[in-house]
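Peer 1: Below is one structure. I have some questions about it.
In the working numbering, the protein residues as written are 20 to 469.
Next up, the structure:
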């Protein structure tokens, strides 16, 4: 809202101070302009006899100004928006149980209002553990872990305490269409579980990412976990495979049990064909048993994987057992293609960030010349150019920033690595495309055919 319109509304409100609808409009306009104090002053004049919507708007402005007691007196009623605002206020006033009750009532009436962050704050409990010297928090209690004898301490620590550093979609260059699909099919069910339960939509499930090496499948999996604020379990092949009969199946079961106990959680299996390869091609019965165990964990009779998302990544989807692609297991296949032109620019700029570069660096020219490059190829290109700049700096005795000429020289050395994969994938997409599972590959090849 522009200044002139706002001044007119404020003048009209000064002339008719009892007009509660107009007051609500002015309060909302001031909040949009981030004029918190002025919005709170206008909201404070809202009478208790005003309509519920007007009182809720006023309470929102007062909460923004940290005048929560005044706001709570106005936030009364049974409308979902009012109950949600009341939950926010009660959380601020450290009356969490009352706030949790209001939040539950709001979501029960309108599941689209679900707010996982608010729900977590309302349900949080603060624990203080006395230490040896009697002060709170001086020493944490010991954690007892049962494991088989051949499990190393470092392996168990990594599995039970996965690294907490989160990756977001903003850290992934390009792949906008894949991100959009992931937001729609994965992130929203985690953020609005009540709404999806109303429509009998399952939360969790399995998604198989496939595409050429180095195009960001692993990074996408980590970013997905970061977007849903879930525990991320990066399962290495060595975490599962064991030389003793039956141990691999037990380890796999233990990993799924851990994920089920800490929902929402994401189990990520990279190079999944090593654990779920086609059984007709395995020479050992133990490999077939591991595949069967994997299938049972994903969709077994006695398992409840609600809140557990299983992500798999592979460069050879045609080598994965067909039973995994049955609905209810890896029922969604997502093709992660080589980056397009805009994505290549984003990836190059991401890798050039915080490096010394010349002001006239022509990234636009480079994005045209790197068609078919994967994200890993582009990273290698920047690394090679940095080596060129370092070598020149040593020769001249002064720091030389990365210039366009360094990148162009590096381009003569670095070659795209996706061509071989795309050739193989094209043959499978043309002659073994049962059920249209590789239609995305065909569409990509048609769009980018030379």
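Glycine included, C-beta positions come from ideal geometry on N, C-alpha and C. The model shown is predicted, which means the values in this text are computed figures rather than measured ones.
1) How about residue 268 and residue 339: are their beta carbons less than 8 Å apart?
2) Going straight from the alpha carbon of residue 21 to that of residue 213, what length do you get?
3) Residue 348 by DSSP, collapsed to three states: which one?
4) Please determine, among 390, 360, 383, 404, the residue with the shortest C-alpha to C-alpha distance to residue 375.
5) Buried or exposed: where does residue 323 fall if 16 or more other Cβ atoms within 10 Å of its Cβ makes it buried?
6) In whole angstroms, what separates the C-alpha of residue 408 from that of residue 247?
7) Expressed to the nearest angstrom, what Euclidean distance is found between the alpha-carbon atoms of residue 114 and residue 90?
8) So is residue 467 buried or exposed if we call it buried at 16+ other beta carbons inside 10 Å?
9) Looking only at its own chain, which residues have a Cβ that is under 7 Å from the Cβ of residue 335, when we skip the five neighbours before and after it?
10) Measuring CA to CA, which of 199, 58, 350 is closest to residue 328?
11) Can you tell me the Cα-Cα spacing of residue 36 and residue 23, whole angstroms?
12) Cutting at 7 Å between CB atoms, please list the residues of its own chain near residue 65, excluding the five before and the five after it.
13) How far does the alpha helix (DSSP H) with residue 382 in it reach, from first residue to last?
14) Would you grab the beta carbon distance between residue 249 and residue 283 for me? Rounded to a whole angstrom, and I think it's under 8 Å.
15) Measure the alpha-carbon distance for residue 286 versus residue 48 and round it to whole angstroms.
16) Pull up the distance between the alpha-carbon of residue 226 and that of residue 358, whole angstroms please.
17) Bridge partners of residue 126, per DSSP?
18) Quick one, are the C-beta atoms of residue 228 and residue 330 less than 8 Å apart?
19) On a Cα-Cα basis, can you pick out the residue from 34, 71, 224 that is closest to residue 318?
20) How many whole angstroms separate the CB atoms of residue 135 and residue 210, which I take to be in contact at a CB cut-off of 8 Å?
21) Tell me which residue opens and which closes the alpha helix (DSSP H) that residue 250 is part of.
22) Apart from the five residues just before and just after residue 463, which ones in its own chain have a Cβ nearer than 6 Å to its Cβ?
23) Determine whether the beta carbon atoms of residue 126 and residue 133 lie at a separation below 8 Å.
24) Leaving out five residues on either side along the sequence, give the residues of the same chain with a beta carbon under 7 Å from the beta carbon of residue 289.
25) Rounded to whole angstroms, how far is the Cβ of residue 401 from the Cβ of residue 367, which I believe are closer than 8 Å?
26) What's the C-alpha gap between residue 110 and residue 87?
27) May I have the straight-line CA-CA distance separating residue 373 from residue 420, to the nearest angstrom?
28) In three-state terms, what does DSSP make of residue 267?
29) Between residue 61 and the rest of its own chain, which residues show a CB-CB distance below 7 Å, the 5 nearest in sequence each way excluded?
Peer 2: This is what the structure holds:
1) As a position in the chain shown, residue 268 is number 249, starting the count at 1. As a position in the chain shown, residue 339 is number 320, starting the count at 1. No, these two residues do not count as a Cβ contact at 8 Å.
2) Walking along the chain shown from the start, residue 21 turns up at place 2. Walking along the chain shown from the start, residue 213 turns up at place 194. Approximately 39 Å, taken between the alpha carbons.
3) Start at 1 with the first residue of the chain shown, and residue 348 comes out as number 329. In the structure shown, residue 348 sits in coil (DSSP, three-state: anything other than H, G, I, E or B).
4) Here residue 375 is taken as the residue at index 356 of the chain shown, counted from 1. Here the closest residue by C-alpha is 404.
5) The sequence position of residue 323 within the chain shown is 304, counting from 1. Residue 323 is exposed by the Cβ-count criterion.
6) Here residue 408 corresponds to residue number 389 of the chain shown, with the count starting at 1. Here residue 247 corresponds to residue number 228 of the chain shown, with the count starting at 1. C-alpha separation (whole angstroms): 40 Å.
7) Looking up residue 114 in the chain shown gives position 95. Looking up residue 90 in the chain shown gives position 71. Roughly 14 Å between the two C-alpha positions.
8) One-based indexing of the chain shown puts residue 467 at position 448. Exposed, because fewer than 16 other Cβ atoms sit within 10 Å of the Cβ of residue 467.
9) For the purposes of this step, residue 335 is taken as the residue at position 316 of the chain shown. Same-chain partners within the cutoff: 292.
10) Your numbering for residue 328 matches position 309 in the chain shown. Per the Cα distances, 350.
11) Position 17 of the chain shown, counting from 1, holds the residue named residue 36. Position 4 of the chain shown, counting from 1, holds the residue named residue 23. Each residue's Cα considered, the two are about 19 Å apart.
12) Along the chain shown, read from residue 1 onward, the residue named residue 65 stands at position 46. Answer for residue 65: 39, 42, 73, 74, 77, 93, listed in chain order.
13) Within the chain shown, residue 382 is the residue found at index 363, counting from 1. Element bounds for residue 382: 382-388.
14) Stepping through the chain shown from its first residue, residue 249 is reached at position 230. Stepping through the chain shown from its first residue, residue 283 is reached at position 264. About 4 Å; that satisfies the 8 Å criterion.
15) Within the chain shown, numbered from 1, the residue matching residue 286 stands at position 267. Within the chain shown, numbered from 1, the residue matching residue 48 stands at position 29. Computed Cα separation, rounded: 45 Å.
16) What you label residue 226 is simply residue 207 of the chain shown in a count that begins at 1. What you label residue 358 is simply residue 339 of the chain shown in a count that begins at 1. Between residue 226 and residue 358, the C-alpha separation is close to 20 Å.
17) In the chain shown, counting from the first residue as 1, residue 126 sits at position 107. Bridge partners of residue 126: none, in fact.
18) As a working mapping, residue 228 is identified with position 209 in the chain shown. As a working mapping, residue 330 is identified with position 311 in the chain shown. Cβ atoms of residue 228 and residue 330: closer than 8 Å.
19) For the purposes of this step, residue 318 is taken as the residue at position 299 of the chain shown. For the residues 34, 71, 224, the minimum Cα distance to residue 318 belongs to 224.
20) For the purposes of this step, residue 135 is taken as residue 116 along the chain shown, with counting starting at 1. For the purposes of this step, residue 210 is taken as residue 191 along the chain shown, with counting starting at 1. Indeed they touch by this definition, with Cβ atoms about 6 Å apart.
21) Here residue 250 refers to the residue found at position 231 when the chain shown is read from its first residue. Per DSSP, residue 250 belongs to no alpha helix (DSSP H); it is in the beta strand (DSSP E), 250-254.
22) Sequence index remark: in the chain shown, residue 463 carries index 444 (1-based). The answer, listed in chain order, is 356.
23) Here residue 126 refers to the residue found at position 107 of the chain shown. Here residue 133 refers to the residue found at position 114 of the chain shown. Cβ atoms of residue 126 and residue 133: closer than 8 Å.
24) Mapped onto the chain shown, residue 289 falls at position 270. Correct list, in chain order: 237, 332.
25) Along the chain shown, read from residue 1 onward, the residue named residue 401 stands at position 382. Along the chain shown, read from residue 1 onward, the residue named residue 367 stands at position 348. Yes, residue 401 and residue 367 are in contact; Cβ-Cβ is about 7 Å, under 8 Å.
26) In the chain shown, the residue the question calls residue 110 occupies position 91. In the chain shown, the residue the question calls residue 87 occupies position 68. Using only the alpha carbons, I get a separation of about 10 Å.
27) Taking the first residue of the chain shown as position 1, residue 373 is located at position 354. Taking the first residue of the chain shown as position 1, residue 420 is located at position 401. Taking the straight line joining both Cα atoms gives about 11 Å.
28) As a first step, residue 267 is located in the chain shown; it is residue number 248 there, counting from the start. Helix at residue 267.
29) Within the chain shown, the letter at position 42 stands for residue 61. Excluding positions up to five away in sequence, the list reads 42, 45, 46, 49.
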